[in-house]
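A short worksheet on the structure shown next.
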Amino acid sequence: MDTVLLARLQFALTISFHYLFPPLTIGLGVLLAAMEGLHLKTGDALYRRMSEFWARVLGLTFAMGVATGIVMEFEFGTNWAAYSRFVGDVFGSPLAAEAVLAFFLESVFLAVVLFGRDKVGPVLYFLSTVLVAFGAHLSAFWIIVANSWQQTPAGFRIVGEGAAARAEIVDFWAMVFNPSTVDRFTHTIVGAWQSGAFLVVSVSAFYLLMRRHEAFAKASLKFGLALALLASLSQLETGHMSTLGVAKNQPAKFAAIEAHYEKSAPAPLHLIGWVDAKNERVRGLAVPGLASFLLSGDPHRPVTGLRAFPPQDRPPVAAVFLTHHMMVSIGMALIGLSLLGVFFWRRGTLYEQTWLLLLYLPSFLLPQAANQLGWQAAEVGRQPWLVYNLLRTSEGVSKVVPAGHILFSLLLFTLVYAGLFLVYAYLLAAKVLHGPEEARS
Amino acid sequence: MSLDLNAVWFFLVALLLAGYALLDGFDLGVGALHLFAEKDEDRRVLLNAIGPVWDGNEVWLLTAGGAVFAAFPPVYATVFSGFYLALMLLLVALIARAVAIEFRSKQPMPLWRSFWDRAFAAGSILAAVLLGVAFGNLVRGVPVGADGEFAGAFFGLLHPYPLLMGFFALALFALHGALYLTLKTEGALLEKARGWARKAFDLFAAVFIAMMACTLFFIPRIGRALGEHPLLLLAPLAAILAVANLRRELCRGRDFQAFLSSCALILALAAFFAGGMFPALVYSLPEAQNSLSAYNASSSQKTLAIMLVIAGLGMPLVIAYKAFVYWVFRGKVTLGPASY
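As they're listed, the protein sequences go chains A and B.
Heads up: take any position in the first sequence, counting from 1, add 58, and you land on the numbering used here.
Heads up: take any position in the second sequence, counting from 1, add 2, and you land on the numbering used here.
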């Protein structure tokens with residue numbers, strides 16, 4: 059088998075699996091800080107029970123994120139050595155900054171949150187929850203900086219020629235705030251909030267349906283729903299801004315997202331569709347000119363299509379179109395679900411809406427799916443480039459690692475991760491079934 | 003030697019790795035000793051002794067990796083792709099260690115607990131040995147082609163010297179971990195930990211002598227470095243003094259002083275190897291002209307300077323948080339509802 063394909067498969071497997079956990083840590087971190095803040099302010103023991111329960115879930119999830127995260131830092135060098143040589147001068151510094159500025163902070167204060175409630179005062183304990191959430195966001199920021207630089211490189215120059223060519227920083231802040239950093243950071247973070255919020259919503263709905271831990275579940279549901287609504291509505295804006303950025307900075311990716319083939323024509327928006335890549339067309343339901351309208355306010359404005367790019371420079375259209383459209387559909391569903399919840403909350407009848415609680419039961423899967431699909435659209439849409447317009451994916455792979463070794467490690471990770479996934483799911487389910495500790499008098 | 007940015011980053015990377023060995027070293031050592039504790043409660047004490055700190059300690063390895071990537075990209079690329087299979091096994095070992103700590107306490111079934119106990123011990127032992135073998139290869143040198151790529155094969159990495167270094171790392175960390183445990187345990191378990199420390203010391207002392215002798219006799223460039231910079235001799239001397247003092251404190255039952263001696267020992271060894279290897283990061287054997295050094299394999303001066311600012315802002319904060327967390331969790335372990 060081809061080493062490039064195997065290396066890509068392994069990266070896709072390890073990053074997708076890793077990315078099940080950090081969004082939950084980020085989202086739950088925000089909710090935990092809010093719960094602990096209210097506990098500090100009101101002294102209500104219910105908030106403390108909530109924060110204790112969700113801190114356990116956060117701890118379990120964080121451990122999974124740590125265990126699978128170290129793989130990612132190694133993999134640039136093990137599987138993408140040529141890429142590492144090319145980008146190290148630029149890409150290495152945000153990665154090192156992530157470790158120095160965020161990982162230490164997160165690990166230290168998470169230890170206080172998990173084990174130190176009786177060892178520090180209430181204010182310091184609350185501050186620790188805030189710092190855990192802050193560290194998680196900071197870590198996301200630096201990793202998004204690194205990834206965004208691959209999408210929209212800035213603040214660098216190329217030195218050397220041919221195989222010895224490499225990128226060098228000329229302007230650090232232009233590299234950090236490259237054209238896509240801010241849009242992609244906000245979009246990613248808000249997606250992470252949705253993950254955390256809907257997990258809380260799902261578990262709370264489960265308790266309400268089972269008529270267990272009702273006071274706990276009602277309060278948790280409100281926390282979850284408040285963040286879910288805020289995040290889901292914000293996603294309209296952050297998603298829109300990200301798309302505008304893609305259309306401007308990565309036109310081939312944008313054309314793939316909408317499967318817009320014509321070289322320069324007004325672009326429709328497909329509400330639902332299927333790409334026929336062979337005949338370069340889409341079957342489905344489209345609103346003519348809507349994509350042009352969303353980009354520029356003018357439905358007749360021409361948009362650069364895939365045929366403007368030579369075939370070897372086009373991303374795989376069907377996969378990008380499909381993943382992006384599925385992500386957007388899920389996003390819309392999440393807005394609907396959170397609006398319904400807040401509507402009945404305002405009317406005071408939320409806890410009696412059994413049908414809605416039943417809908418909430420599996421809702422934690424939706425943001426997870428949307429996060430995965432969104433990243434697939436972003437990363438597959440960047441193809442065939444590893445660093446946009448600078449380095450092709452096929453040029454970035456390690457030359458000294460034989461295909462057999464990658465196949466071995468790919469199988470190893472598949473086995474280990476399948477096992478870890480089952481254990482994590484089992485322990486999470488056991489934690490939920492066990493429920494929060496009962497109120498102490 | 004002049005202190006330029008390249009040299010600064012060479013020694014900062016060495017410092018990060020020394021910090022890793024100093025801190026996660028005892029976590030790995032506790033893991034290696036874990037199965038010698040037989041009672042469930044004792045094993046829980048062991049896990050909780052490192053529970054609040056092991057993850058932050060592992061971050062030193064991540065930071066060292068990130069620093070090498072940023073400051074010396076060709077080194078990161080050559081070593082990580084060249085040591086591919088060994089590093090994949092290291093990753094699996096570190097994953098096993100991490101999840102075992104978290105998973106073990108979550109269910110009471112004996113079979114469940116003994117499975118994760120074994121995963122914890124095996125992961126820790128394997129990680130210690132692999133890190134030692136990888137380090138031993140860097141000390142001895144590995145084949146590097148004219149293109150800067152690793153030119154050897156997996157089995158070439160299993161030369162006796164790196165294998166000895168792997169065994170040395172395990173013995174050192176087991177000793178360091180046992181000494182750490184003497185600070186965190188009480189009663190019968192404390193006596194047990196002291197017993198482990200004494201046994202680990204005997205084993206360690208033998209391997210230490212063998213490793214130092216082999217390094218001086220079979221690694222010519224270390225000998226040359228000592229000849230050129232006689233001050234460097236202070237480092238192995240300090241290491242020997244630390245070992246002698248460690249034994250003395252161990253006999254007197256002064257746990258904290260013994261642990262401090264093993265910390266000093268690790269720092270002295272780090273200084274010895276860093277000084278002896280400078281400026282080569284990947285020494286090429288047999289074609290020394292292909293070596294990757296702090297000068298021919300670094301990032302641009304601008305990046306090294308930016309990174310120094312990040313480290314200068316970040317590391318004092320890191321030291322402050324670390325001091326804070328060790329202070330909060332100081333003293334003997336007591337098992338509570340939040341414990342593993």
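Heads up, the beta-carbon is just placed ideally off N, CA and C, and yes, glycines get one too.
What you are looking at is a predicted structure, and each value in this text was computed from that prediction instead of being measured.
*Three or more beta-carbon pairs under 8 Å between the region 229-239 of chain B and the region 289-300 of chain B, yes or no?*
no
_Restricting to Cα atoms, I'd like to know which of A:Val261, A:Val386, A:Ala225 and A:Ile216 is closest to A:His4._
This structure leaves residue 4 of chain A out entirely; chain A is present only between 59 and 499.
_Selection from B:Leu37, B:Pro281, B:Leu248 and B:Val94 that minimises the alpha carbon distance to B:Cys265_ = B:Leu248
*In this structure, does DSSP put A:Glu495 in helix, strand or coil?*
Three-state DSSP puts A:Glu495 in coil, outside helix and strand.
*If you measure from the beta carbon of B:Phe71 to each beta carbon in chain A, is any gap under 8 Å?*
yes
*Which chain A residues are close to B:Val320, counting only those with a beta carbon under 7 Å from its beta carbon?*
Val158 and Phe162
*Should A:Ser499 be labelled buried (16 or more other beta-carbon atoms within 10 Å of its own) or exposed?*
For A:Ser499, the predicted structure reports a pLDDT of 42, less than 50, and the residue's modelled location is therefore unreliable. A value from the coordinates is still provided. Exposed, because fewer than 16 other Cβ atoms sit within 10 Å of the Cβ of A:Ser499.
*Buried or exposed by the 16-neighbour rule on C-beta atoms within 10 Å, applied to B:Gln291*: It is exposed - the Cβ of B:Gln291 has fewer than 16 other Cβ atoms within 10 Å.
*Closer than 8 Å, CB to CB, is A:Glu320 near chain B or not?*
no
*asked:* Using 8 Å as the threshold, is the C-beta distance between A:Ala273 and A:Thr187 below it?
replied: Contact flag unset, no.
*So what's B:Pro54 in DSSP terms, helix, strand or just coil?*
coil
*B:Leu287: contacting residues in chain A (beta-carbon distance under 8 Å)*: The premise fails here: B:Leu287 is roughly 16 Å from chain A at the closest Cβ pair, so nothing lies under 8 Å.
*Report buried or exposed for A:Leu37, applying the criterion of at least 16 other Cβ atoms within 10 angstroms of its Cβ.*
Coverage of chain A is limited to positions 59 through 499, which leaves residue 37 of chain A absent and any answer about it impossible.
*Whose C-alpha, out of A:Leu416, A:Asn447 and A:Arg66, is nearest the C-alpha of A:Gln434?*
A:Arg66
*What residues from chain A crowd round B:Val135, counting only those whose CB sits closer than 9 Å?*
Within 9 Å Cβ-Cβ: nothing; B:Val135 doesn't reach chain A, min ~16 Å.
_Alpha-carbon spacing of B:Trp56 relative to B:Asp26, whole angstroms_ = B:Trp56 and B:Asp26: Cα-Cα distance of roughly 6 Å.
*DSSP on B:Ile221, reduced to helix/strand/coil?*
coil
*Give the straight-line distance between the Cα atoms of A:Val445 and A:Val124, rounded to the nearest whole angstrom.*
26 Å
*State yes or no: is the C-beta of A:Leu104 within less than 8 Å of the C-beta of A:Leu159?*
no
*Looking at C-beta atoms only, is the number of pairs between the region 386-400 of chain A and the region 408-426 of chain A that lie closer than 8 Å three or more?*
yes
*Contact under 8 Å by Cβ, A:Pro374 with A:Val438*: Going by C-beta atoms, A:Pro374 is nearer than 8 Å to A:Val438.
_Using beta carbons (cut-off 8 Å, strictly below), is B:Val327 in contact with chain A?_
yes
_Please tell me whether A:Asn236 and A:Ala221 are closer than 8 Å, where the distance is taken between their beta carbons._
At least 8 Å separates the beta-carbon of A:Asn236 from that of A:Ala221.
*Does the pairing of the region 114-127 of chain B with the region 20-36 of chain B give three or more beta-carbon distances under 8 Å?*
yes
*Anything in chain A within Cβ reach of B:Met279, meaning under 8 Å, just list it in chain order.*
Within 8 Å Cβ-Cβ: nothing; B:Met279 doesn't reach chain A, min ~20 Å.
*Take B:Ala16 and list the residues in its own chain whose beta-carbon comes closer than 7 Å to its own, dropping the five residues that flank it on each side.*
Ala272 and Ala276
*Kindly indicate which residue of A:Val190, A:Val217 and A:Asn137 has the alpha-carbon position closest to the one of A:Thr83.*
A:Val190
_Less than 7 Å between C-beta atoms, sequence neighbours within five positions excluded: which residues of the same chain meet that for B:Ser305?_
Residue 305 of chain B is actually Thr in this sequence, not Ser. Hits under 7 Å: Ala72.
_Proximal residues of chain A, C-beta to C-beta of B:Leu128 below 7 Å_ = Those within 7 Å of B:Leu128 in chain A number zero; the least Cβ separation is about 13 Å.
*Kindly indicate if chain B contains any beta-carbon less than 8 Å away from that of A:Arg175.*
For A:Arg175, the answer is yes, since a Cβ of chain B falls inside 8 Å of its Cβ.
*Using a C-beta to C-beta distance shorter than 9 Å, which residues of chain A count as neighbours of B:Lys324?*
Phe162 and Val166
*Tell whether a beta-carbon distance below 8 Å holds between A:Leu118 and B:Glu104.*
For A:Leu118 and B:Glu104, yes; Cβs fall inside 8 Å.
_Can you give me the C-alpha to C-alpha distance between A:Thr296 and A:Ser238, rounded to a whole angstrom?_
12 Å
*Can we say the region 142-152 of chain B touches the region 78-94 of chain B, given the rule of at least three CB pairs closer than 8 Å?*
Cβ pair count under 8 Å is three or more, so yes.
*Taking buried to mean at least 16 other C-beta atoms within 10 Å of its own C-beta, is A:Asn337 buried or exposed?*
exposed
*Compare the C-beta of B:Tyr86 against all C-beta atoms of chain A and say whether one is closer than 8 Å.*
Judged by the 8 Å Cβ criterion, B:Tyr86 is in contact with chain A.
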